[in-house]
Structures are given as structure tokens and as C-alpha cells.
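Under this note's numbering, residues 2 to 611 are what the sequence shown spells out, in order. Okay, so here's the structure we're looking at.
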Amino acid sequence: MKTIDELEQEIANVEKQLGEVDAELTKWKSRQRELHMKRDLIIKCIDKIKSDALSQKDWSGISYDWYEEVKKKLKDVFKIKSFRPRQLSVINCTLSGEDALVVMPTGAGKSLCFQLPALVKPGLTVVISPLVSLMEDQVRSLTEKNIPAMLISSGSKDANIALNALKDTNAPIKLLYVTPERLAKSKRFMANLQKCYEQGRLQRIAIDEVHCCSQWGHDFRPDYKHLGILRKTFPNVPILGLTATATSHVLTDVQKILNISGCLLIKSTFNRPNLFYQILEKPSSKDECLNILESLLKHRYKNESGIIYTYSIKDSQDITEGLRKRGLKVGCYHAEMEADMKSKMHTKWHEGYYQAIVATLAFGMGIDKPNVRFVIHHTISKTMENYYQESGRAGRDGLRAECVMLYRMQDIFKISSMVMPSIENKDQLYGMIKYCISGNRCRRQLLAEYFDENWGDTDCDEMCDICCNSQTPAQELDLELHCKTLASIFSNANKQDVKLTAQKLLDAWFLKGSVPLRHKGLEPRISRSLAEDVIAYLLTEGYLEEDYHYTAYTTIVYIKAGPNMYLINDPDFKLKMCIRRYCTFDTRKRAPADDESEPSPKKSKIFVVD
Ligand code: ADP
Ligand code: MG
Ligand code: ZN
2 MKTIDELEQE IANVEKQLGE VDAELTKWKS RQRELHMKRD LIIKCIDKIK SDALSQKDWS
62 GISYDWYEEV KKKLKDVFKI KSFRPRQLSV INCTLSGEDA LVVMPTGAGK SLCFQLPALV
122 KPGLTVVISP LVSLMEDQVR SLTEKNIPAM LISSGSKDAN IALNALKDTN APIKLLYVTP
182 ERLAKSKRFM ANLQKCYEQG RLQRIAIDEV HCCSQWGHDF RPDYKHLGIL RKTFPNVPIL
242 GLTATATSHV LTDVQKILNI SGCLLIKSTF NRPNLFYQIL EKPSSKDECL NILESLLKHR
302 YKNESGIIYT YSIKDSQDIT EGLRKRGLKV GCYHAEMEAD MKSKMHTKWH EGYYQAIVAT
362 LAFGMGIDKP NVRFVIHHTI SKTMENYYQE SGRAGRDGLR AECVMLYRMQ DIFKISSMVM
422 PSIENKDQLY GMIKYCISGN RCRRQLLAEY FDENWGDTDC DEMCDICCNS QTPAQELDLE
482 LHCKTLASIF SNANKQDVKL TAQKLLDAWF LKGSVPLRHK GLEPRISRSL AEDVIAYLLT
542 EGYLEEDYHY TAYTTIVYIK AGPNMYLIND PDFKLKMCIR RYCTFDTRKR APADDESEPS
602 PKKSKIFVVD
């Protein structure tokens with residue numbers, strides 16, 4: 002019989018071995034992750050080589066057989082004088098029978114890229130589109146131009162006629178719009194489409210808003226996943242995917258799902274020179290937030306139209322109510338509203354009765370209002386991609402418009418508790434945070450990097466808060482000591498067996514709250530809001546890590562030491578961060594947008610720097 006001491010010794014021994022196994026497992030897991038990443042990178046490389054080879058060809062040329070016909074249709078049918086950038090390339094490419102993915106910002110004119118080719122060759126083009134309202138708009142506008150077009154949706158009364166047109170060799174139809182659900186679920190539709198193909202009448206398949214295939218995109222639709230069968234079922238029919246989503250991650254994913262990896266990629270620039278980007282400090286109280294919104298709407302954006310994006314349905318309702326109490330005309334919009342209420346809100350905003358629509362992300366695709374002068378984010382977006390799309394609804398008319406985001410550290414945890422725990426989601430959110438806490442890098446530059454584009458250093462032209470304030474040199478903050486202080490707080494917390502929220506961590510750092518958690522040093526000589534930026538920065542750099550705790554009602558986000566924290570033990574450890582300048586908006590009315598053609602002298606100081 003072993004003694005208790007001996008048994009305890011044995012436990013310690015087993016635990017030591019368990020620790021070693023854990024360490025090994027972590028090592029192997031990280032090796033596995035590396036290999037996965039390596040494989041994906043190689044696949045990406047192969048696709049890029051294929052797609053680069055295709056792009057060597059001069060697609061924009063006018064020597065193609067169909068050029069005269071294309072030009073004539075553009076003038077006579079569409080009443081358009083000339084092509085916009087890349088439109089002719091796309092048309093030539095798809096008429097040559099190649100698969101292609103077209104990436105152009107919203108409003109650039111993607112529809113023409115499949116509508117016009119449809120008229121040049123015999124047969125019909127099937128267009129897959131995620132929203133019935135988008136399809137209705139297009140069919141209406143095509144019908145006005147005497148182009149035979151129809152749509153099939155669950156509600157459409159002509160569905161039968163359209164279905165028959167698919168297999169009727171004499172049907173005059175040129176464009177047939179369907180939702181992805183049709184392809185995924187309707188046997189009758191697929192059977193008729195097959196007939197159409199066998200008769201040699203299926204000219205082209207266009208997939209609009211093609212990013213909906215990918216979970217990494219911002220409007221993932223499960224039914225888009227089934228579209229991969231198209232390439233296999235109709236091997237000779239060119240596929241043309243179109244989207245305004247430009248991240249390489251999404252584009253690779255889309256090609257994979259559609260089975261068109263390595264296809265030609267036609268991409269135009271995403272820079273929106275007329276948009277001004279700005280981050281504002283978000284106050285902690287709801288009332289103070291409302292004050293900011295009120296003063297922006299009453300002064301800076303007086304008589305102008307815009308959107309206020311909120312994080313939750315509750316926020317959209319509260320803010321609408323708060324602003325209405327302050328005498329502003331605003332409408333509320335979210336996913337749980339009845340369809341007719343939604344369309345009522347939309348119309349009242351469109352017609353200018355509401356100055357702003359206070360909306361959740363449900364308010365998005367299909368908004369077609371050219372004179373949106375401001376898009377305010379009351380809470381940060383989940384990803385840079387989302388931010389680009391949402392803020393991009395401003396200034397479609399090409400005149401100056403402003404994209405303002407209210408940022409505070411606490412909102413990180415609001416979003417992360419909702420979107421985590423996948424690594425991709427985390428990276429995407431952290432990209433957004435880096436954008437918000439940037440102290441010296443142009444916001445437009447950060448957007449460009451995100452889209453793998455180079456817009457050049459001068460491209461911003463003082464159209465972001467950072468470039469506007471570039472006269473004051475950015476200051477750096479040494480983080481070595483702060484990191485060590487934070488590490489000592491974690492060790493205190495470990496001893497106490499407590500978990501730290503960001504607030505508790507800040508308290509202990511500033512020698513407040515629970516005494517045993519506090520560190521032994523002096524109170525840090527930085528402001529609490531700078532300390533919040535430090536925490537956000539250390540999260541994005543892996544020195545800190547979020548730690549989720551799930552309860553039945555909510556997710557609590559704690560902070561713990563991250564995988565890079567061990568670096569602080571290195572005697573040469575150095576870490577600096579650029580301090581963000583706190584800008585507040587001048588809420589006075591700006592000069593009207595149409596004065597922009599006059600180059601304003603250095604666009605004057607429109608911010609007051611604290
Ligand atoms: P997207 O799908 O890229 O968001 P649309 O296809 O809806 O954009 O086109 C936006 C607007 O631009 C439409 O009103 C369309 O008629 C117009 N448009 C498209 N191409 C041209 C062009 N070459 N010249 C002038 N207007 C164009
Ligand atoms: Mg479109
Ligand atoms: Zn800039």
C-alpha cells in the first residue's frame with residue numbers, strides 16, 4: 002500500500018507529464034496550422050499564375066469581331082456614350098468564352114458587363130442575384146429598353162412563363178433572372194435549364210453579388226454554396242461573377258466554391274477620393290453619444306442626408322428615439338421590422354423627409370441614393386471589409402462625403418463576443434481596431450493595404466483625419482515597462498484565482514479597485530484613454546489575448562496574457578506604439594459639397610486638436 006505522500010508524488014509526476022504533452026500538443030497544433038497555411042498559399046500561387054497568364058492578354062482591345070456590334074448596342078440600346086474603366090475588358094473576356102471574376106466598387110457599372118453581351122450573341126443569359134428587389138429593378142429597366150427580360154422568384158406571377166421560355170427555342174427572352182434558391186432547390190428549373198443548354202441556347206451565366214458564396218464575405222447566403230454545380234453541369238458556358246468585395250481571401254474562396262479557380266480576375270481600383278475618413282472618441286455615456294450625433298446632424302450635416310449605423314436593434318431604436326426627442330427627423334431600420342415598414346422608412350429617407358436613417362447592418366444591399374453626404378458608425382464594424390462597404394454608401398454622386406466612426410475600446414469586446422471565436426473573425430476585427438487606433442498612418446492607406454492595393458502616398462490629399470493633422474508630429478509611447486506592469490497584474494490575478502475584464506485590468510493598472518490585484522509600481526503617467534489604446538494595441542499585437550467565458554445569457558470577455566507576452570523577458574525587448582491624436586469634430590456647418598471644385602486652402606483646420 003502506497004502512502005499518501007507517495008501517491009501525491011505520483012500525481013505531481015503525472016501532472017508534469019501532462020504538462021509536457023500539452024506543450025507538445027500546442028506545438029503540433031501550431032505546426033498543423035502552419036502547414037494548412039502553407040498549402041493554401043501554394044494553391045493561391047498556382048491560381049495566380051493561371052490568372053496572370055490570362056490577364057497578359059489585351060482584353061481591352063477593339064480588334065475583336067464583335068466590337069462594332071458592342072459599340073452599336075451601347076449607343077442605340079443603352080444610350081451610353083462610352084465605356085467606363087474595365088467594362089470593355091469584361092465584355093471581351095466573357096464574349097471570348099472565358100470565366101471571369103469582376104471586382105468593381107458599387108456604382109461602377111457591373112450590370113452592363115453582362116447585359117450588353119447578352120444582346121450580342123444568340124441564346125440567353127441566366128443571371129443569379131440574391132435579392133428580388135435588385136432583380137425587379139433590373140428587369141424593369143431592361144424592359145424599358147425593349148430588351149426581353151424576365152425573373153423567377155417565389156412570388157413572381159410570370160414564373161411559369163419564364164420556366165417555359167427556358168426550353169422553348171422560339172422564346173425571345175435574352176436575360177433570365179433567378180435567385181440562388183431556384184438553382185439549389187427547384188428540380189423543374191434545373192431540368193429546363195438543362196434543356197436550354199442541350200439546345201445550345203445557354204449563352205452565359207452571370208452571378209451578381211458573387212461574394213455571397215463566401216462565409217468570409219459580408220452577406221453570406223447558404224444557397225450560393227450550391228452554385229459550384231454550374232461549372233460541372235454546363236462545361237462550355239462561360240461564368241461571370243461580379244462583386245464589389247475585393248479582399249483576396251474572399252475572391253479565392255469564391256473561385257474555389259464556383260470551381261473556377263485560376264479564372265481571369267478583372268479588378269478596378271477601390272479608392273474613393275471623395276470620401277473623408279475620420280475616427281471620433283466615443284464617450285462612455287449614451288447621452289453624450291447622442292449629443293455628438295445631435296450636433297453633427299443639426300450643424301455640420303444640416304440639410305444633408307445620411308446613415309447612422311448601429312450595432313444592435315436595441316441601439317437603433319434607442320438612438321432613433323433619442324434623436325427624435327431632440328427634434329431631429331430620423332427613421333429606424335432593422336431586420337426584424339415588417340417588410341412594408343422597411344420600405345416605408347426607406348422611401349421617407351430617399352425622399353428627404355428623414356435626414357438620416359438609424360439602421361443596423363440589415364440596411365445595405367440595394368441602397369441606391371447618390372447624395373448620401375455622411376455615414377456615421379455609432380459602433381465599429383466587424384471587419385474592414387464591412388466598413389468599406391458600409392461607409393461606401395456615402396458620396397455615390399462623386400461629391401465630398403464624410404465617413405465618421407465613433408470608437409472606444411469597450412466596443413471591441415461587444416463585437417468580439419458576438420463574432421468570435423474563429424481565428425479569421427478575430428484577425429478581421431483586429432484589422433478594424435488597427436485602423437481605429439492608428440496614430441500616424443493615413444486611414445486611406447490602411448484601407449488600401451487591406452485591399453492589396455497601392456494608392457500611393459499622395460492619394461489621400463488630406464481626405465482623412467490623420468493626413469489633415471499631419472502638421473503635428475506623432476508621438477511614440479514606450480511600452481516595455483507598461484507590458485511588465487500588466488504581466489505582474491496577471492500574475493497577481495492568477496494567485497487570487499480571478500479573471501480580469503479590461504476594466505478590472507485598467508483599474509489595477511491605475512492602482513484602483515481590488516488591492517491584491519494592483520501592481521507594486523507607481524500609477525502610470527498616461528491618461529486612462531491612452532491606456533485603453535495601449536490595451537487595444539497589445540491585443541492586436543498578441544501581447545494580450547481575449548478569453549471568452551460563456552454563460553447562459555451572455556458572453557463575458559476577459560483579458561489574459563497573449564502568446565507574445567513571453568517576449569518581455571528578453572533583455573533586448575523593445576515595443577513602441579504611436580500615440581493617437583485626439584481629434585474632435587468641428588461641428589460647424591461645412592461649405593456645401595458643390596464648392597469642392599474650388600480647392601479650399603489646405604481645407605483649413607476642420608478639427609480641433611486637444
Ligand atoms: P454596380 O452593379 O456596379 O453597382 P450598376 O450596374 O448598377 O452598378 O450601374 C450603376 C449606374 O451606372 C447605372 O445607373 C448605370 O446605368 C450606370 N452606368 C453603367 N455603365 C455606364 C457607362 N459606361 N456610362 C455611364 N453610365 C453608366
Ligand atoms: Mg450591381
Ligand atoms: Zn489620409
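Every residue gets a Cβ at the ideal spot worked out from N, C-alpha and C, and that includes glycine. No experiment lies behind these values; they were computed from the predicted model shown.
- Under a 10 Å Cβ-count criterion, C468 is classified as buried, with 16 or more other Cβ atoms of the shown protein chains found around its own Cβ.
- Taking T541 as the centre and dropping the five residues before and after it, the same chain places the C-beta of Y431, I434, K435 closer than 7 Å to its C-beta, in chain order.
- Counting along the chain, the unbroken beta strand (DSSP E) around M578 starts and ends at 577-579.
- Note on geometry: alpha-carbon atoms of Y302 and Q356 lie some 9 Å from one another.
- Secondary structure in the stretch 250-331: the alpha helix (DSSP H) runs of 4 residues or longer, each lying completely within the stretch, are 287-296, 314-326 in chain order.
- Inter-segment contact for the stretch 270-286 and the stretch 396-407 is present: three or more beta-carbon pairs are separated by less than 8 Å.
- Burial of F190 is indicated by the presence of at least 16 other C-beta atoms within 10 angstroms of its C-beta.
- At a threshold of 6 Å, I92 does not count as near the ligand ZN, since its beta carbon sits no closer than that to any of the ligand's heavy atoms.
- Here I416 has I381, K383, L430 as same chain residues with Cβ atoms under 7 Å from its own Cβ, once five neighbours each way along the sequence are excluded.
- In the three-state DSSP reduction, I560 falls in the strand class (E or B).
- In this structure, F115 has its beta carbon at no less than 6 Å from each heavy atom of the ligand ADP.
- Fully contained in the stretch 492-559 are the following alpha helix (DSSP H) runs of length 4 or more, in chain order: 503-510, 529-541.
- The C-alpha of A192 is placed about 19 Å away from the C-alpha of A207.
- Taking 7 Å as the cut-off, the Cβ atoms of R374 and E305 count as close.
- Under the DSSP assignment, H351 falls in the alpha helix (DSSP H) whose first and last residues are 340-351.
- For R202, the closest C-alpha among the options Y549, D159, L120 is that of L120.
- In this structure V71 does not touch A247 by the C-beta definition: roughly 26 Å separates them, more than the 8 Å allowed.
- Taking one beta carbon from each stretch, the stretch 518-527 and the stretch 389-401 have fewer than 3 pairs nearer than 8 Å; the two do not touch.
- Taken through DSSP and simplified to helix, strand or coil, Y355 comes out as coil.
- G110 is not a Cβ neighbour of Q139, given a cutoff of 7 Å.
- Rounded to whole angstroms, W29 and K496 show a C-alpha spacing of 30 Å.
- Distance from A562 to F491 at the Cβ level is roughly 5 Å; contact confirmed, criterion being Cβ atoms closer than 8 Å.
- By the neighbour-count criterion, in which 16 or more other beta carbons inside 10 Å mark a residue as buried, Q446 falls on the buried side.
- Beta bridge pairing from DSSP links E477 with C579.
- In the DSSP assignment, Y225 forms no beta bridge with any residue.
- The Cβ atoms of L102 and L266 sit closer than 7 Å to each other.
- By the C-beta criterion, the stretch 328-345 is judged to be in contact with the stretch 363-372, since at least 3 inter-stretch pairs fall below 8 Å.
- With respect to the C-alpha of R232, the residue from A475, M578, Q256, K45 having the closest C-alpha is Q256.
- Around the beta-carbon of E16, fewer than 16 other beta-carbon atoms lie within 10 Å, marking it exposed.
- Taking the Cβ of K111 as the reference point, at least one heavy atom of the ligand MG falls within a distance shorter than 6 Å.
- In the structure shown, Q139 adopts helical secondary structure according to DSSP, grouped into three states.
- When the alpha-carbon of C437 is set against those of Y178, D534, N493, R401, the nearest one is in D534.
- Relative to K575, the option among L241, K485, E386, A509 whose CA is nearest is K485.
- Contact annotation: P106 and A245 have beta-carbon atoms nearer than 7 Å.
- Here K577 is exposed. Its C-beta has fewer than 16 other C-beta atoms within 10 Å.
- The stretch 106-170 is shown to contain whole alpha helix (DSSP H) runs of 4 or more residues at 113-121, 133-145, 160-168, in chain order.
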